[in-house]
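*Asks:* Here it is, the structure, as structure tokens.
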Amino acid sequence: MKITATIITLNEERNIARAIESLRCADEILIVDSGSVDRTVELAQNLGVRVIDANWRGYSAQKNWAAEQASHDWILSLDADEALSEALEAELWSLKKTDPRHDAYTMPRLARYLGRWILHSGWYPDRKVRLYNRKKAGWVGEFVHESVQVMGRVGHLESNILHFTCDSLSEHLRTLDRYTTLAAQEIASRRLKVPLWRVILDPAWTFAKSYFLQRGFLDGLEWLTIAYMAAFYTFLKYSKARIMS
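Under this note's numbering, the first residue of the sequence shown is numbered 1379, with each subsequent residue one higher.
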């Protein structure tokens, strides 16, 4: 079992070295960069990985194109702001020594937000398929929240991907603005109508769900920011979709 790790990048000089250095279990590391103007490409090349410059196709299409360029059928897909934990790396080394019994594997993702690891608020375990055989799986999702669709058996790994999210509220707001626009475009493209009551009530429900059902109060003061931002995301997504329609 040989693995190609793929990462798509755009101006990720803050994160790229950490992601690459966590991928010692990969037989090949492939960076697909879409026009970075910072030191992303330089840092990646200095670490000896393969870098390809490619026009932006959208999240799913870019990740599928990256998988097509890989030297091996088994793909380990990471985002630039992620890294393998040491435990997950050890689990992957062990898996490589055996014939895999599945066509893809999920793994939990643990997020670090404002300097704190978040274990509740609906953020954990947040399982994602990130290791897959490209002959049996591929990325789907035209606008945002892309995921791997598997035509076969799915297994489960137990150790964490580490997700280094926002270090500041201003960074979170910039990210939220970008993703709500993409989510609204997806709603508009499907010609789905967003009634006014959803704009008013869904944000309140999102906040309450994060606090009560997903036990956000156990995440310290950060839970309040997470719950509020989740509610604001819902409000912006539906408001932008109504405007686009």
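Don't be surprised by glycine CBs; every beta carbon is placed ideally from N, CA and C.
Are V1507 and A1489 touching if we call contact CB-CB under 8 Å?
*Replies:* If you number the sequence shown from 1, residue 1507 lands on position 129. If you number the sequence shown from 1, residue 1489 lands on position 111. No, these two residues do not count as a Cβ contact at 8 Å.
*Asks:* Count Cβ pairs between the segment 1558 to 1576 and the segment 1527 to 1544 that sit closer than 8 Å; are there 3 or more?
*Replies:* No, the segment 1558 to 1576 is not in contact with the segment 1527 to 1544.
*Asks:* Candidates A1458, L1554, E1446 and P1478: which alpha carbon is nearest N1389's?
*Replies:* The residue given as residue 1389 occupies position 11 in the sequence shown. Of the candidates A1458, L1554, E1446 and P1478, the one whose C-alpha sits nearest the C-alpha of N1389 is A1458.
*Asks:* Using a 10 Å radius around the Cβ and a threshold of 16 neighbouring Cβ atoms, would you call V1415 buried or exposed?
*Replies:* For the purposes of this step, residue 1415 is taken as residue 37 along the sequence shown, with counting starting at 1. It is exposed - the Cβ of V1415 has fewer than 16 other Cβ atoms within 10 Å.
*Asks:* Please confirm whether L1574 and F1610 have their CB atoms less than 8 Å apart.
*Replies:* One-based indexing of the sequence shown puts residue 1574 at position 196. One-based indexing of the sequence shown puts residue 1610 at position 232. Not in contact: L1574 and F1610 (Cβ atoms no closer than 8 Å).
*Asks:* Should the segment 1395 to 1411 be regarded as contacting the segment 1426 to 1442, the criterion being three or more beta carbon pairs within less than 8 Å?
*Replies:* Yes, they touch.
*Asks:* Starting from the C-beta of E1524, find all residues in its chain whose C-beta is less than 6 Å away, skip the five residues before and the five after it, and write them out in chain order.
*Replies:* By one-based count along the sequence shown, residue 1524 stands at place 146. For E1524, where only same-chain residues beyond five positions count, the Cβ hits under 6 Å are Y1437, S1438 and W1517.
*Asks:* Evaluate contact between the segment 1494 to 1506 and the segment 1447 to 1454, counting only Cβ atoms and requiring at least three cross-stretch pairs below 8 Å.
*Replies:* Touching, no, given that fewer than three Cβ pairs across the two stretches are closer than 8 Å.
*Asks:* Can you tell me which of the three DSSP states M1622 falls into?
*Replies:* Numbered from its first residue, the sequence shown carries residue 1622 at position 244. Reduced to three states, the DSSP call for M1622 is helix.
*Asks:* Less than 8 Å separating the beta-carbons of S1537 and E1469?
*Replies:* Counting from 1 along the sequence shown, the entry for residue 1537 is found at position 159. Counting from 1 along the sequence shown, the entry for residue 1469 is found at position 91. Against a cut-off of 8 Å, the Cβ pair of E1469 and S1537 comes out as a contact.
*Asks:* In the DSSP assignment, what are the bridge partners of F1542?
*Replies:* Residue 1542 sits at position 164 when you count from the first residue of the sequence shown. DSSP output for F1542 lists R1490 as bridge partner(s).
*Asks:* Within 10 angstroms of its Cβ, does S1472 collect 16 or more other Cβ (buried), or is it exposed?
*Replies:* Here residue 1472 is taken as the residue at index 94 of the sequence shown, counted from 1. Exposed is the call here.
*Asks:* From K1387 to V1572, what does the alpha carbon distance come to, in whole angstroms?
*Replies:* In the sequence shown, residue 1387 corresponds to position 9, counting from 1. In the sequence shown, residue 1572 corresponds to position 194, counting from 1. Reading off the sequence, residue 1387 comes out as Thr, not Lys. About 33 Å.
*Asks:* Rank G1493, G1594 and K1474 by C-alpha distance to the C-alpha of L1535 and give the top, closest one.
*Replies:* Within the sequence shown, numbered from 1, the residue matching residue 1535 stands at position 157. It is K1474.
*Asks:* Quick check on S1499: buried or exposed, where buried means 16 or more other Cβ atoms within 10 Å of its Cβ?
*Replies:* The sequence position of residue 1499 within the sequence shown is 121, counting from 1. So S1499 counts as buried.
*Asks:* Who are H1534's beta bridge partners in DSSP?
*Replies:* By 1-based counting over the sequence shown, the position of residue 1534 is 156. Its beta-bridge partners are T1484.
*Asks:* Can you tell me which residues form a DSSP beta bridge with Y1502?
*Replies:* Here residue 1502 refers to the residue found at position 124 of the sequence shown. Paired residues: none, contrary to the question.
*Asks:* Buried or exposed: where does R1512 fall if 16 or more other Cβ atoms within 10 Å of its Cβ makes it buried?
*Replies:* Indexing the sequence shown from 1 puts residue 1512 at position 134. Buried is the call here.
*Asks:* Identify every residue that forms a DSSP beta bridge with D1457.
*Replies:* The residue you call residue 1457 lines up with position 79 of the sequence shown. I1386, per the DSSP bridge assignment.
*Asks:* Considering just the uninterrupted stretch of the beta strand (DSSP E) at R1428, what are its terminal residues?
*Replies:* Working through the sequence shown from its first residue, we reach residue 1428 at position 50. Looking at the DSSP string, the run of the beta strand (DSSP E) that includes R1428 is R1428 to D1431.
*Asks:* Which two residues bound the contiguous beta strand (DSSP E) that contains D1365?
*Replies:* With the chain represented from 1379 up to 1623, any question about residue 1365 goes unanswered, as that position is not in the structure.
*Asks:* Using a 10 Å radius around the Cβ and a threshold of 16 neighbouring Cβ atoms, would you call Q1592 buried or exposed?
*Replies:* Numbered from 1 along the sequence shown, position 214 holds the residue referred to as residue 1592. Label assigned to Q1592: buried.
*Asks:* Nearest to E1549 by alpha carbon, out of E1460, M1607 and R1569?
*Replies:* Within the sequence shown, the letter at position 171 stands for residue 1549. Comparing Cα-Cα distances from E1549 to each of E1460, M1607 and R1569, the minimum goes to M1607.
*Asks:* On the DSSP letters alone, give me the boundaries of the alpha helix (DSSP H) that W1517 sits inside.
*Replies:* The residue given as residue 1517 occupies position 139 in the sequence shown. Run containing W1517: none in the alpha helix (DSSP H); it sits in the beta strand (DSSP E), A1515 to V1518.
*Asks:* Is W1434 helix, strand or coil when you go by DSSP?
*Replies:* Counting from one through the sequence shown, the residue named residue 1434 turns up at place 56. If DSSP states are grouped into helix, strand and coil, W1434 belongs with coil.
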